[in-house]
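Notes for the one structure printed next.
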Amino acid sequence: MGEHVTRSCCLGWDFSTQQVKVVAIDAELNVFYEDSVHFDRDLPEFGTQGGVHVHKDRLTVTSPVLMWIQALDIILEKMKASGFDFSQVLALSGAGQQHGSIYWKTGASLTLTALSPDLPLHQQLKTCFSISDCPVWMDSSTTAQCRQLEAAVGGAQSLSCLTGSRAYERFTGNQIAKIYQQNPEAYSRTERISLVSSFAASLFLGSYSPIDYSDGSGMNLLQIQDKVWSQTCLGACAPHLEEKLGAPVPSCSVVGAISSYYVQRYGFPPGCKVVAFTGDNPASLAGMRLEEGDIAVSLGTSDTLFLWLQEPTPALEGHIFCNPVDPQHYMALLCFKNGSLMREKIRNECASCSWSEFSKALQSTEMGNGGNLGFYFDVMEITPEIIGRHRFNAENYEVTAFPRDVEIRALIEGQFMAKRIHAEGLGYRVMPKTKILATGGASHNRDILQVLADVFGTPVYVIDTANSACVGSAYRAFHGGKDVPFSEVVKLAPNPRLAATPSPVASQVYEALLPRYAKLEQRVLFRTQRPLE
1 MGEHVTRSCC LGWDFSTQQV KVVAIDAELN VFYEDSVHFD RDLPEFGTQG GVHVHKDRLT
61 VTSPVLMWIQ ALDIILEKMK ASGFDFSQVL ALSGAGQQHG SIYWKTGASL TLTALSPDLP
121 LHQQLKTCFS ISDCPVWMDS STTAQCRQLE AAVGGAQSLS CLTGSRAYER FTGNQIAKIY
181 QQNPEAYSRT ERISLVSSFA ASLFLGSYSP IDYSDGSGMN LLQIQDKVWS QTCLGACAPH
241 LEEKLGAPVP SCSVVGAISS YYVQRYGFPP GCKVVAFTGD NPASLAGMRL EEGDIAVSLG
301 TSDTLFLWLQ EPTPALEGHI FCNPVDPQHY MALLCFKNGS LMREKIRNEC ASCSWSEFSK
361 ALQSTEMGNG GNLGFYFDVM EITPEIIGRH RFNAENYEVT AFPRDVEIRA LIEGQFMAKR
421 IHAEGLGYRV MPKTKILATG GASHNRDILQ VLADVFGTPV YVIDTANSAC VGSAYRAFHG
481 GKDVPFSEVV KLAPNPRLAA TPSPVASQVY EALLPRYAKL EQRVLFRTQR PLE
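Residue numbers (the UniProt record's numbering): 1 to 533.
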């Protein structure tokens, strides 16, 4: 798609769970080309469902590494066939699904540096991997390795202070430990371990690309303060791991010029820069152009918060990563499982299945809901671990039901108060210049966004994020190696749209309610953790 006038541009790639996507962005930051290859549909010979193989134990989840390589071959051939002018590409960067790991076999680097432009990549690289099916972020088979890692550093909180997160099954260090324990031969035949992001960058470089600080923060291995691998964590996972990982680099680094393979086969210019690839979540932060003090809230099946942090206080929940566009700062991710499905359930029960009735309930009830507070977790919540519905009146007594309108406001206020409390638990503070960027299904409902603005006391903007990881990668390609702030490079990009501003009295109402909500959350958590007599 897109007319092919000659214009210099940058490419942004996204190697995600279900597809590989690319966008081209011109100097005015307009997207003028996009394309994708969908694994299940376009590469059916790999037999994936949703881009992955779920194994018999239901815990192990992998993807074939050659599928990702073949997808890149297909998309480049599609671009060439459409007349895309590769000679105008100044730089490229990309994103990968986080935490997944790729195992390059001893000798693979020689193959990578000597690629023949006459053959597609997948034909030349098919013997380059010691493990053909790579563990991905959906894998949860490494609980034993998580406990070993936490024990090695003195507990979950110590690991979080060091690496930004307690041990999580999907985090790469624990996956590497499992492979070393269960398949030591394959591990010893491995000369390099890449993340999906640095693997994809390596394909473009024709040599091993280093892991960047931001995606490297999703491994339980990187000391996020010092930006070096933790010797204790490396030692707890597997031997000789440091040499297999290589030294990490700042996310805005130019890791090299594009491989001559792409110059000869597709007509890229020899000077085309490869900027370090990063994780899809960090790349989305770049795509949404978050700045210091900002929050992005994705209101989907699960609700995710992206925070820009200056001084993080790592906790047992959430994740702190090095910031992908400012190496001095941090970002945090918080995930809440009970998102849109919970909102739809309460809408169906209390608003006759109608969003406009739901909105009327929010309009007709007062801020603070007369002191009525609720917790609504029909599936086991992870932030924090609570299940069930719990309602409290203004005197903090538990009640079995609320009137319908009160129930609706209790749900929405509760969801957003929880987000603010847990964000502040990671070191987040609302600043005078803070803005909230809302995306996802519920961001179309103005009355829900009004409650969000009121609870945080800051304006809410809406933004289209259909390709935020891709677009963020193209922005990062423009920024890489430049000595100016990222915000300067992206100032021409389309601005988000103002959707709600906080009511003047909101801060008074919620300053009083938030501590109460936090205390009640602790009470519910304490009570649901032990069996009732």
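Cβ atoms here follow ideal geometry from the backbone N, Cα and C, with glycine treated the same way.
Which class does residue i belong to by DSSP, given the choice of helix, strand or coil?
i: G425; result: helix
i: V509; result: helix
i: Q97; result: coil
i: H319; result: strand
i: E533; result: Caution is warranted here: a pLDDT of 38 is assigned to E533, below 50, making its placement in the model unreliable, and no coordinate value can be reported.
i: T163; result: helix
i: D464; result: coil
i: Q522; result: helix
i: residue 539; result: Only positions 1 to 533 of the chain appear in the structure, and residue 539 is not among them; the question remains open.
i: K227; result: coil
i: R527; result: helix
i: I382; result: coil
i: K178; result: helix
i: T313; result: coil
i: I436; result: strand
i: A351; result: coil
i: G2; result: For G2, the pLDDT reaches just 46, beneath the cut-off of 50, and the residue's location in the model is therefore unreliable, although a value from the coordinates is still provided. Of the three classes helix, strand and coil, the one that applies to G2 here is coil, per DSSP.
i: L119; result: coil
i: S207; result: coil
i: K213; result: Going by the sequence as given, residue 213 is Tyr instead of Lys. Helix.
i: A493; result: coil
i: Y517; result: helix
i: A296; result: strand
i: V484; result: coil
Please determine, among the options, the residue with the shortest C-alpha to C-alpha distance to residue i.
i: D447; options: T142, V196, A361; result: A361
i: L115; options: I258, F277, A474; result: I258
i: residue 534; options: M380, I408, N323, V228; result: Given a span of 1 to 533 for the chain in the structure shown, any question on residue 534 remains unanswerable.
i: S132; options: T190, G472, L245, G96; result: T190
i: residue 538; options: P314, S468, V451; result: Any answer about residue 538 is impossible in this case: the structure gives the chain only from 1 up to 533.
i: C134; options: A236, T48, I387; result: T48
i: S197; options: G256, G51, E395, A283; result: A283
i: Q415; options: L305, H479, T458, C350; result: L305
i: K15; options: S473, L285, L222, A167; result: Looking at the sequence itself, residue 15 is Phe, so the reference to Lys does not match. Closest by alpha carbon: S473.
i: M380; options: A500, D454, L525, G370; result: L525
i: G287; options: S468, P269, K56, A236; result: S468
i: G256; options: G246, P117, G271; result: G271
i: Q182; options: A247, A238, T439; result: A238
i: A500; options: M79, V451, D118; result: V451
i: S8; options: D454, F478, G51, T111; result: F478
i: G440; options: T458, R476, P403, V462; result: V462
i: V455; options: N369, K482, V89; result: N369
i: T172; options: Q522, T528, C233, I382; result: C233
i: K491; options: R347, G51, R289, M219; result: R289
i: F336; options: A351, V297, S352, E349; result: V297
i: S302; options: Y168, S340, H390, S188; result: S340
i: P248; options: W229, F84, T528; result: W229
Assuming residue i and residue j make a contact with CB atoms under 8 angstroms, what is their CB distance in whole Å?
i: L195; j: I211; result: 6 angstroms
i: F321; j: G164; result: 6 angstroms
i: A442; j: L299; result: 4 angstroms
i: N372; j: V406; result: 5 angstroms
i: P269; j: S82; result: Going by Cβ atoms, the distance from P269 to S82 rounds to 19 angstroms, so no, they are not a contact pair.
i: A24; j: L11; result: 6 angstroms
i: M342; j: D378; result: 6 angstroms
Just list the residues that DSSP pairs residue i with in beta bridges.
i: M331; result: W308, F321
i: H38; result: Q19
i: C9; result: D26, V89
i: I102; result: S194
i: E76; result: First, the residue type needs correcting, since residue 76 is Leu and not Glu in the sequence shown. Looking at the DSSP assignment, L76 forms no beta bridge with any residue, so it has no partner.
i: G374; result: R391
i: L362; result: DSSP output for L362 lists no bridge partner at all.
i: H53; result: T62
i: T278; result: A95
i: Y168; result: Y168 is not bridged to any residue.
i: A247; result: DSSP output for A247 lists no bridge partner at all.
i: Y261; result: Paired residue(s): none; Y261 is not in a bridge.
i: V399; result: R391
For the ligand COA, I want to know if residue i counts as a neighbour, meaning its beta carbon is within less than 6 angstroms of at least one of the ligand's heavy atoms.
i: S209; result: You won't find the ligand COA in this model; it holds no ligand whatsoever.
Subject >> the stretch 281–301 / the stretch 431–446 touching (three or more Cβ pairs under 8 angstroms) >> reply: The stretch 281–301 is in contact with the stretch 431–446.
Original post:
On the three-pair Cβ rule with 8 angstroms, is the stretch 297–309 touching the stretch 263–276?
Top reply: Three or more Cβ pairs closer than 8 angstroms define a contact, and the stretch 297–309 falls short of that threshold against the stretch 263–276.
Original post:
Quick one: any contact between the stretch 19–36 and the stretch 59–77, if contact means 3 or more CB pairs under 8 angstroms?
Top reply: The stretch 19–36 is in contact with the stretch 59–77.
Original post:
Per the contact definition of three or more C-beta pairs closer than 8 angstroms, is the stretch 387–407 in contact with the stretch 417–427?
Top reply: Touching, no, given that fewer than three Cβ pairs across the two stretches are closer than 8 angstroms.
Subject >> Three-pair Cβ contact test at 8 angstroms for the stretch 177–189 versus the stretch 318–335 >> reply: The stretch 177–189 is not in contact with the stretch 318–335.
**OP:** Determine, using beta-carbon pairs with one atom in the stretch 89–106 and one in the stretch 31–49, whether at least three such pairs fall under 8 angstroms.
**Re:** Too few Cβ pairs lie closer than 8 angstroms, so no.
Original post:
Between the stretch 88–96 and the stretch 275–282, do at least 3 Cβ pairs fall closer than 8 angstroms?
Top reply: Contact between the stretch 88–96 and the stretch 275–282 is present: 3 or more CB-CB pairs across the two stretches fall below 8 angstroms.
Original post:
Should the stretch 50–65 be regarded as contacting the stretch 133–149, the criterion being three or more beta carbon pairs within less than 8 angstroms?
Top reply: They touch, by the three-pair rule.
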